[in-house]
Structures are given as structure tokens and as C-alpha cells.
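Each residue of the sequence shown is one higher than the one before, counting from 1 in the UniProt record's numbering. Single-structure report; data block below.
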Amino acid sequence: MVSALDAAGSPTRQRPLRVRVLLDAARGTRGSPLNSSTAMLRPLCAAAERRCHGNVWSNRADVRVSFYRCPSLLAALLPERINEVVGLQHMKIYLFDDSVILSGANLSRDYFTDRQDRYLLIRDAPRLCDFLEKLVDCVSDASEQLSSDGCLSQPARPPGHGESDSTVYAMVQMGPMGVCDDAYATQRLLHQLPQLLQTGQHQLHLASGYFNLTDDFTEALLTAPQQLRVLCASPAANSFYKSTGPSYFIPAAYSQLERQFLAAAAKLRRPAAEAAQPSLLAEYARPGWTFHAKGLWLGDRAGQRVGLTLVGSSNFGYRTRLRDLEVQFGLATDCDRLAARLAEERDGLFQHGQPVSMATLNAADRRAPAWLRLAMPAFKTYC
1 MVSALDAAGS PTRQRPLRVR VLLDAARGTR GSPLNSSTAM LRPLCAAAER RCHGNVWSNR
61 ADVRVSFYRC PSLLAALLPE RINEVVGLQH MKIYLFDDSV ILSGANLSRD YFTDRQDRYL
121 LIRDAPRLCD FLEKLVDCVS DASEQLSSDG CLSQPARPPG HGESDSTVYA MVQMGPMGVC
181 DDAYATQRLL HQLPQLLQTG QHQLHLASGY FNLTDDFTEA LLTAPQQLRV LCASPAANSF
241 YKSTGPSYFI PAAYSQLERQ FLAAAAKLRR PAAEAAQPSL LAEYARPGWT FHAKGLWLGD
301 RAGQRVGLTL VGSSNFGYRT RLRDLEVQFG LATDCDRLAA RLAEERDGLF QHGQPVSMAT
361 LNAADRRAPA WLRLAMPAFK TYC
């Protein structure tokens with residue numbers, strides 16, 4: 001990154017370079033002073049300050065590293081890691097000039113090696129990228145700023161149209177502040193599912209690394225008249241698998257949520273639908289890999305095309321709706337090639353799914369402790 005900033009000072013460079021990094025303050029400062037996001041990004045800020053003071057870059061480079069902090073007194077009172085349950089900056093935006101990667105992935109070593117997620121590259125999309133840049137700048141304006149000494153300071157208060165066969169919609173969610181674009185748009189889509197699926201020409205796939213659907217989402221999915229497949233993380237693919245402390249029980253909690261989902265399916269889905277599709281729920285099981293992918297795919301019954309997908313940071317759960325700052329993208333396309341690629345991407349994820357039944361979840365090694373089952377109503381809103 002520093003070398004790219006050096007190149008920005010070249011007299012031959014035609015365009016200025018802008019670097020924007022926006023992270024969550026609770027997670028970005030977690031860990032030792034030498035092993036945190038602030039420590040990793042501090043050299044970037046130091047290099048930027050040195051070059052700006054030396055007038056090396058002039059107006060050709062602009063660097064800003066921001067850490068958003070959840071506006072909650074409770075978060076300030078809770079210890080490290082536990083304070084993250086109150087709310088996070090959970091958006092994933094990877095923006096490069098007029099191209100953007102749509103994803104729900106974080107930037108850490110396991111995502112580049114053995115943690116499954118989704119990545120859709122959208123090229124030559126200036127209107128979408130302009131919107132996302134403004135969104136990042138807007139949140140950054142209300143965020144703490146990293147300086148070269150590694151300290152965070154309080155925030156300072158300071159296109160053309162073209163024909164296309166594909167459209168990307170960006171939807172922001174920040175429940176504590178009353179911004180609910182994603183929840184509203186997703187609810188509208190869910191209410192239209194019966195009309196979309198009743199012809200028998202479509203099928204619906206949904207994936208969530210942290211499977212905890214809201215009640216209205218569950219009801220809309222399970223009362224849809226046609227094929228539905230759901231993919232979530234197996235206990236071994238959950239990032240909290242075999243962790244220490246209270247988080248050790250998180251995989252068991254998600255198993256309990258899966259059990260509740262299948263119980264709701266038994267009540268809401270018609271016997272004909274169950275008979276036609278016995279493998280409603282599957283768990284991602286790939287040796288050595290964890291699972292973080294999330295999204296929705298509406299495709300043709302033959303499984304060859306996906307005309308609509310949702311991709312982003314949302315897990316479609318209570319935490320997404322009530323607590324975190326999220327951005328979700330809806331991608332609709334009439335392009336046969338893109339629709340086929342989206343179907344391939346979906347199938348690449350679901351091929352690792354192992355069918356799950358109530359018998360699977362009732363096995364001794366999957367049963368949640370009694371105290372955890374009693375705590376589930378409160379737990380659901382934090383995961």
C-alpha cells in the first residue's frame with residue numbers, strides 16, 4: 001500500500017489516489033497493542049503523514065483510516081469481545097476505482113485460505129461505486145480516526161445513465177438509528193415469493209454462516225409453495241468451534257436454532273412440499289474449512305440460471321436487523337452468461353452441504369445443554 005502511495009506522487013500520474021479504510025472500533029482494537037488492526041494500519045498513516053509533510057504527494061494522495069464505534073453506553077462498559085454483542089460496523093465494501101467486490105467476507109488470513117465465503121466482482125459500475133464511496137465517507141465522518149501514533153481521535157464533523165441487462169441495488173441497515181433499507185427490501189421480496197414461485201418455474205436457495213432467521217423471514221420461506229434449500233454451518237465449520245470460555249457453546253446454540261427451524265417447517269410446510277424435498281436444510285461440511293457465506297439465490301427450476309441474488313454482510317437474522325451496521329446488495333440480471341455463473345457459484349457452495357434432519361440434531365453430541373435452551377430467547381437477538 002505504501003508503494004502505491006509513493007507512486008501517487010509521481011508527476012506522470014494522471015489521477016489522484018484516495019485510500020479509505022473503515023473498520024469496527026471494537027474489533028479493530030481487540031488484542032494486544034502489537035496485534036490489532038490499529039497496529040497493522042498505523043504504518044500506513046505514518047507514511048502518509050511523512051509524505052504529506054514533505055510535500056511528496058501534494059494533492060495526489062489522500063489517506064483516511066476510520067474506526068466506527070457503536071453508539072451505546074453499554075458497549076463502553078462491557079469488556080473486550082463481549083462488547084461486540086451490542087453492535088458492530090459489519091459492512092463489507094471492497095471498492096477499487098469503478099469496480100467493487102460484493103461479499104460478506106472479512107479481510108483476515110482464514111478467508112484467503114480455508115474459510116468459505118462469496119465474492120462477486122462488478123466492473124465498470126461508477127454509479128454504484130460513487131454511492132458506496134459516499135456511504136463509507138458518511139460513516140467515516142462519524143467515526144474515530146487513526147493517527148500515526150496508533151491513537152484514535154474523535155471524529156471531525158465536518159453520473160450518467162446507461163442501458164444494462166443487470167442492476168445492482170445497495171441496501172443499508174442500521175437498526176439502532178432507524179435505517180432499515182435492507183430489512184424493508186428483504187421483507188418486500190419475501191412477501192412476493194409466493195407469487196414468484198407458484199408457477200413452479202423457480203427454486204430458492206438461502207445460505208447463512210450464522211443461521212438465526214427472524215420469525216417473519218422463517219414464515220415467508222417455509223410457506224413458499226416451491227423448492228427451497230437452506231445451507232448453514234455445521235458445528236465444525238462454525239468459527240467458534242472448540243473455542244474457549246462461553247463462546248464454546250455457540251455452535252450448540254446454532255444447532256438449537258436449526259432444530260427450531262425444522263420444527264417450524266414441520267408445522268408450516270405442506271406435506272406435498274416435504275415429500276418432494278426431504279433435504280430442506282443442509283450443513284456446510286468441508287474438512288478443514290469454516291463457513292461464512294451468506295446470501296439468497298432465486299433461480300430457474302432446472303438449476304441453470306439465477307436471475308436474482310442477495311449478497312453482502314447480512315445473515316438475515318435478528319442481530320442484522322436490530323444491532324449491526326450492514327450493507328446488502330441485490331443483483332438482478334437478464335444476462336444469460338451472468339445468470340449461469342451465479343448458478344455455478346451457488347452450486348459450488350451447496351455441493352458441500354450435508355442433509356440435516358431432526359434426528360441429526362437430536363443426537364447426543366448435538367443437544368444443547370438445558371440452561372442454553374432456556375437462554376435461547378435472549379440469545380437469539382444477539383447472534
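Backbone N, C-alpha and C fix where the C-beta goes; we use that ideal spot for every residue, glycine too.
Which of helix, strand or coil DSSP assigns to residue i
i    : result
Q354 : strand
A183 : helix
S255 : helix
M325 : It should be pointed out that residue 325 corresponds to Leu in this sequence rather than to Met. Of the three classes helix, strand and coil, the one that applies to L325 here is strand, per DSSP.
W297 : strand
Q285 : Note that residue 285 corresponds to Ala in the displayed sequence, not to Gln. Three-state DSSP puts A285 in coil, outside helix and strand.
T360 : helix
K62  : Here residue 62 is Asp; the residue named in the question, Lys, does not match the sequence. Here D62 sits in strand by DSSP.
A39  : helix
F240 : coil
P33  : coil
Q89  : strand
S247 : helix
C232 : strand
A207 : strand
L280 : coil
A302 : coil
H191 : helix
L342 : helix
A47  : helix
A105 : coil
G330 : strand
R366 : helix
E80  : coil
G150 : coil
R18  : strand
C383 : coil
Q227 : coil
Q201 : coil
A266 : helix
Enclosing beta strand (DSSP E) for residue i [first to last residue]
i    : result
L322 : Not the beta strand (DSSP E): L322 falls in the alpha helix (DSSP H), residues Y318 to L322.
Q145 : E144 to L146
Start and end residues, alpha helix (DSSP H) containing residue i
i    : result
D114 : From DSSP, D114 is part of no alpha helix (DSSP H); its letter is neither H nor E.
E133 : P126 to D141
T218 : D215 to L222
M177 : Neither: M177 is in no alpha helix (DSSP H) and is coded neither H nor E.
G28  : A25 to G28
L374 : A370 to F379
Check whether residue i and residue j have beta carbons under 8 angstroms apart
i    : j    : result
L268 : V230 : no
Y119 : S99  : no
S234 : Y169 : no
L146 : L41  : yes
L262 : L204 : no
R323 : V86  : yes
T333 : D215 : no
L190 : A220 : yes
M171 : G317 : no
D39  : G150 : It should be pointed out that residue 39 corresponds to Ala in this sequence rather than to Asp. Taking 8 angstroms as the Cβ cut-off, A39 and G150 qualify as a contacting pair.
Q116 : R346 : no
P355 : S279 : yes
R20  : V136 : yes
E326 : M91  : yes
F291 : A237 : yes
H202 : D300 : yes
A293 : A207 : yes
L193 : A142 : no
E80  : R30  : yes
R305 : A340 : yes
R319 : Y241 : no
Within-8 angstroms CB hit, residue i to chain D
i    : result
L120 : Any reference to chain D falls outside this structure, which holds one protein chain only.
* **Contact the segment 180-189 vs the segment 96-110: 3+ CB pairs below 8 angstroms** => no
* Counting Cβ pairs, one atom from each stretch, are 3 or more of them under 8 angstroms apart for the segment 246-264 and the segment 359-373? -> yes
* **Inter-stretch contact (C-beta, 8 angstroms, three-pair minimum) for the segment 305-316 and the segment 122-140** => no
* Is the segment 17-34 touching the segment 65-72 in the sense that three or more CB pairs, one from each, lie closer than 8 angstroms? -> yes
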